[in-house]
Structures are given as structure tokens and as C-alpha cells.
Amino acid sequence: MTADAKSETLGFQTEAKQLLQLMIHSLYSNQEIFLRELISNASDAIDKLRFAALADDSVLEGQGEFTIQVDVDKDAGTLTITDNGIGMTRDEVIENLGTIAKSGTAAFLENLTGDQQKDSQLIGQFGVGFYSAFIVADKVRVHTRKSGEGADGGVVWESSGEADFTISEQPREQRGTAITLYLKDDCSDFADEWRVRSVIKKYSDHISVPVMMLEPEKPVPEGEEDAETAPREYEAVNEATALWTRSRSEVSDEEYKAFYQHISHDFQDPLSWSHNRVEGKLEYTSLLYLPAKAPFDMWQRDTARGLKLYVQRTFIMDDAEQFLPLYLRFVKGVIDSNDLPLNVSREILQQDGAVDSMRSAITKRVLDMLAKMAKSSADDYAAFWSEFGQVLKEGPAEDFANKEKVAGLLRFATTHTDTEAQDQSLADYVERMQEGQDAIYYVVAENFNTAKHSPHLEVFRKKGIEVLLLSDRVDDWLMNHLQSFDDKPLKDVARGALELASDSEEEKAEQEKLEKDSEDLVARIQTVLEAKVQEVRATARLTESPACLVVGDYDMGAQMKRIMEAAGQAVPESKPILEINPSHPLIQMLDGESDEDRFADLATVVFDQASLAEGGTLSDPAAYVSKLNKLLLQLAGS
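The opening residue of the sequence shown carries number 17 in my numbering; numbering runs sequentially from there.
Structure follows, in C-alpha cells:
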């Protein structure tokens, strides 16, 4: 920090420094994006001032006409973007330009690969905002004043995008912000008026604030070279009409994509969008987008997110989360209502009946968008599912009214394909159900391979009954809330006693005989494992494995236990049920063992192996290895 109190040199936040360096060196193919970002920021600053003026119009300082002005100086090699929006105080400048106050920064940096092309795509998912200026500039100067602060409240921020920035006080008559970019030598084309005009038309045509530039120079008629020319006037370069207020037939796909990039700060095009105007009891317009990539803060459920809310075309807030449930938090877009008060607050939104009606309708519209995509474009839906599928799985627990709709959008891996791809719907499963099958079966495991090779599947594979293979962390929780689909109950194959509707009377009789013949063995094992299991029983569900662990009908599943333990939450005490396969050679050897110590060791090894097959962890791995080694040596005659 310098000794002069009016001018200070401060260091960037570490994450900001890393992002700056990456952008300076990596985004060669996306250079022109910086202008879209800076104009979008200027538009946001004007929207914020409009909203502040609803409560106190003195912040307008007598000037209610809003513009964004872009000036180029070819000789000086500069480009300046000026807005008359809300502006910033000194503290706000340091907070907004010296740090990245965006959740997900750490995850973003962890995902960097060093490959410029791939890292450029990551930046697109993260959103770059103001920092994009350093893509084309080797120095940036910001002169700003907060509305209502007076001319002496002006602040200047300067940086070359290296380790630090300088901030000083400098009077500014006009409220708002002027950003001057001192262009790099190889980016001098952005000091050309026609080049800048074309970029503004490409990326910012939809912004509702006029973006002004000096009108093009008129050619001088021959013989009038020495005549005095009229001063050039500023003219709007963009349409300056809020895109969502226009008819769908008047908006091109390119304009829809550009508007998405404006509101989301995403470099990539959206997967899909829906533009709809509702008239009648409620009047509002919605423009909703499904992104192609998930942001880095997707799993931070408390992060600010939601739709941009306008009331009668007046900006109200950026993140109106009341219009969509949390499991649809990936949706971007705008809602403009005629039925909410202009001075609307978050508290009013939470209590307003119109909001509830709009939330219900908008939620259904998003679900309909997804259903339409799933039906008409399998590839797009597969891309969507790979990014947002786990978030959508939160739906059945959060949105009872739309539980069946959400269930129809879910995708799973199953034994039908035996691949890790989650590309099978519940409707696909029901269509393939065997005659007489009365339930949808699933198995939950720590990962796909554990699920695919679960011993619980053995009888199902033998009978040709399909089973859903679930391995996402949210799956156990999902199934606890979903419970049924198309009037078919969902059953965990690893929970409770197995009863299949396809079992014949002969098979049921064999099971009863199996249980009776195994009573003595079951009792011996129960005695040895009394501290580890709540019950031991013989089963016909196994065809290849010696044993498996089963969860009680009302006990918490193993995966849910692991999630709660990892989160530091208390887990209710419960013991698994051990089911044995009496026809397996290992169990037959156990049954014939007369040495009680060897019997106990072998029974414990069988239990531990069943636990490992479920993806579980052993409480005493060393004891397991010791028992196993001793048994192997005995079998080898050593």
C-alpha cells in the first residue's frame, strides 16, 4: 500500500490472479466475447439503478434517460464503454474488481488442464464478466461514481492484470462507470469503429438499453475537402428492445442464443429454450433456457440462483428463486409480470398467490421442455442428463405435485443393457416387464460395477427379470421418495425377504424345505455372528454366491448410511440380515465343520465377504486377512 491515502496499490485475491493469467493467455479464439461481457455488465448497472429509483427517484439525479456509450480512439489504441447506471463506491470497486465473489471458484481452478482450448471452455461455464477485458487489453482503467454520492465520490481503478491494482480518488460529474481498455498491439482491430459495431450487433442487439456510437463518417464530396463538416452525432447501434417482449416469430435462433449468453455469461449455446406469453387471469412472459453445461457451483444449494425478474419491463432482481423449485436450479431465463407490484420484495414474493400460480405453471413448462427434448432429440437429452441428471433426481422428494412427471424424465443403467450409460427410462422398463411381474426392481451400490455384480441380482438374471442399477449418491434417497411409477411399486432387491410374483408353487415349496433343512446351520451361524447381524436365514435368491447381506424392511440402506456418516450426521443403529446359499460348496463345508473355532472363523469370513461384495468396509480388515490366511493354510495342509 502506498503512503498516499488517496491512492493505494492493492493485491488481487489469489483466485482472481490465477483467472486473469489464464484469460490473458488462453482465450485467443474468443477475443470478441469481452465486449459482450462489458456491455452486459453496463446493462445490469442500469437495471439496478432503475430498481433503486422505484424507492427513491433522487438517485436518478434528474436524468432518467439511460444509455451505454462506446467510443474508440484508433490513434491512442483505446476502447471505452461508458454507462450512466448505478456506479460504485470505493469499497464496492475493491470488492467487485479485486476479488471473485463467486462460489465454485476453487472447483473451477481444480478443473484446469493446461490445454488452452479445453480451459477456454471451462471459462465459458464459469462466467468471466469484467475480467474478460484483459483478453484484449494490457491495461484497464475504470472511472466510476455511485449515484447519489456527488462528484467528489469518483473513484479510479487501474491495473495491467498482473499482481496488483491501483485505486485512487478522482472527481466525476456523471454517475455511472467508464471502462477504458488500452488495447494490446495484436488487438488493435477493436479500435476500429466498424469492427466494434459488428460485434455489438452480433452479441448485444437484444439489450433493452441503447448502445450508442458516433454515427459513421460521411464521405466528403469532391471539391469540398476544406469545407467545415457537421459534428458527428451518437446513434443507437443495437435494436434496444427487450427481446422477451417481442413475438417469437420476430426473434431468430441466433438472437435467442445471444440473449442466453447475455443473461448467463456462458460462452456456449443453450440446449433448448421456451418463449411463452400467458394472458388471462395472470399475465406474464417467460423465456426459459436449458444450459448445455452445469456451472461449478451446481451442488452448492444455498448459492443465489433463479430467474431474472422484471415487472412491467422494469428490472426487479437477478435471482428470483421463488419461480422454480430447487431441483430445477439449472434453468436460466427471464420472467416479466404485469401482476406483481413494482416495489416487490423477496418477502412479498414468498407470500403472493400470483407467484404460486406462476411457479406451478413455469415448473410444468420446464418439465414439458425436457419431455419434448427426450422424445424428439435423444442425443440432446442424453447430453442434458449427463450434466443435470443427478439434480433432477432431487425432484420426487421436493415436488410431490409433479412427482410422476419427473419420474418419467429419469434415466437409469439397467441389467437390460449392462452398460454404465444411464439411458433407460422407467417407461422403457415397464414396457419390458415380464407377464405377471408386479414391481420395478432396483439395486443400490457405491458404484456401477458393484451394482452390476451384486449377488442380489443372481436370481433375477436366472429368471430374466430386469433390475435398475443405481450408483449415484442421490439414488437411495430418490427411491425412498419415489416409491412407485405407473402404479408399479419400486422394490429394493437387497431389502427384506425376496418374494417374486413369478415364483411357482414348486419354487415356494423348495424354499420352505430349504429353510427347514438349514435350521441347525442357521442357528450355529447366528450364535457366532450375533453381534454383527440381526438375523441369519437360508435363501434361494443366490445361485453363485455363498451369502449376501440384506437390509431390514424399515432400516436405512447402506448407501444412505455412508452419505450421512460422510456429512457427520448421526446414523441410527441397525444390523444387516445375513442370507446364506445352502447349496454353495463353501456353505456346505461350513455346515460339515465340527471344529467350533474353525467354524467361527469361516462364518466370520463369509460375513465379511458378503459385506465386501456390497461395497462395504470392514471394521477390522487385519482380523479378516488373518482369518482368511489361516483358513487357506489349513486347506493347503500347512
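Think of the CB as a built atom: it goes at the ideal place given N, C-alpha and C, for glycine as much as any other residue.
Here the stretch 458-465 makes no contact with the stretch 515-535; the two share fewer than three CB pairs at distances below 8 Å. Linking Gly631 to Phe206 through their CA atoms gives a straight-line distance of about 58 Å. In this structure Gly411 does not touch Arg427 by the C-beta definition: roughly 13 Å separates them, more than the 8 Å allowed. Straight-line spacing of the CA atoms in Gly101 and Lys64 works out to 7 Å.
In the displayed model, Ala461 falls within coil according to three-state DSSP, outside both helix and strand.
Lys421: not part of any beta strand (DSSP E); member of the alpha helix (DSSP H) spanning Lys419 to Leu425, first to last residue.
The residue among Ala398, Asp384, Ala652 and Phe283 with its C-alpha nearest the C-alpha of Ile49 is Phe283. Taking C-beta separations shorter than 6 Å and ignoring five residues to either side along the sequence, Gly584 has no partners in its chain.
Note: Ala554 is bridge-paired with Ile596 in the DSSP secondary-structure output.
According to DSSP, residue pairing for Glu244 in a beta bridge does not occur. Using a C-beta cut-off of 8 Å, the stretch 243-254 makes no contact with the stretch 181-199, since fewer than three inter-stretch Cβ pairs fall below that distance.
Following the DSSP letters along the chain, one finds Leu358 in no beta strand (DSSP E), marked with neither H nor E. In the three-state reduction of the DSSP assignment, Gly405 falls in the helix class. If you ignore the 5 residues before and after Arg511, its C-beta comes within less than 6 Å of the C-beta of Val567, all in its own chain and listed in chain order. Excluding the 5 residues flanking it on each side, Gly608 has no same chain C-beta neighbour closer than 6 Å.
Contact check for Thr96 and Met228: beta-carbon distance about 12 Å, past the 8 Å limit, so the pair fails to qualify. Under the 8 Å Cβ criterion, the stretch 475-486 does not count as touching the stretch 525-539, having fewer than three qualifying pairs.
Residue pairing for Thr25: DSSP places it in a beta bridge opposite Thr182. Counting C-beta atoms within 10 angstroms of its own C-beta, Gly27 has fewer than 16 neighbours from the protein chains shown and is therefore classed as exposed. DSSP places Met495 in the helix class (H, G or I) of the three-state scheme.
Here Phe501 carries a strand assignment [DSSP, helix/strand/coil].
With distances taken between CA atoms, Ala153 lies nearest to Ser176 out of Leu506, Ser176 and Val172. Across the set Lys388, Leu325 and Asp99, the C-alpha of Leu325 shows the shortest separation from the C-alpha of Leu358.
About 7 Å separates the beta carbon of Ala399 from that of Ala308, a gap short enough to meet the 8 Å contact definition. Relative to the Cα of Asp313, the nearest Cα in the group Val407, Asp611 and Thr105 belongs to Val407. By the CB criterion at 8 Å, Trp289 and Tyr272 fall inside the cutoff. Beta-bridge analysis with DSSP links Lys507 to Tyr457. In this structure, Thr105 and Lys22 do not form a Cβ contact; the two beta carbons are roughly 15 Å apart against a cut-off of 8 Å.
Taking Glu233 as reference, the option from Val544, Ala246, Asp221 and Pro226 with the minimal CA-CA separation is Ala246. Here Val171 is buried: its Cβ has 16 or more other Cβ atoms, across all protein chains shown, within 10 Å. Shown here, Leu197 sits in a strand according to DSSP, grouped into three states. Sorting Ala71, Arg66, Trp173 and Thr559 by C-alpha distance to the C-alpha of Ile110 places Trp173 at the top. Going by C-alpha positions, Trp315 is about 12 Å away from Arg321.
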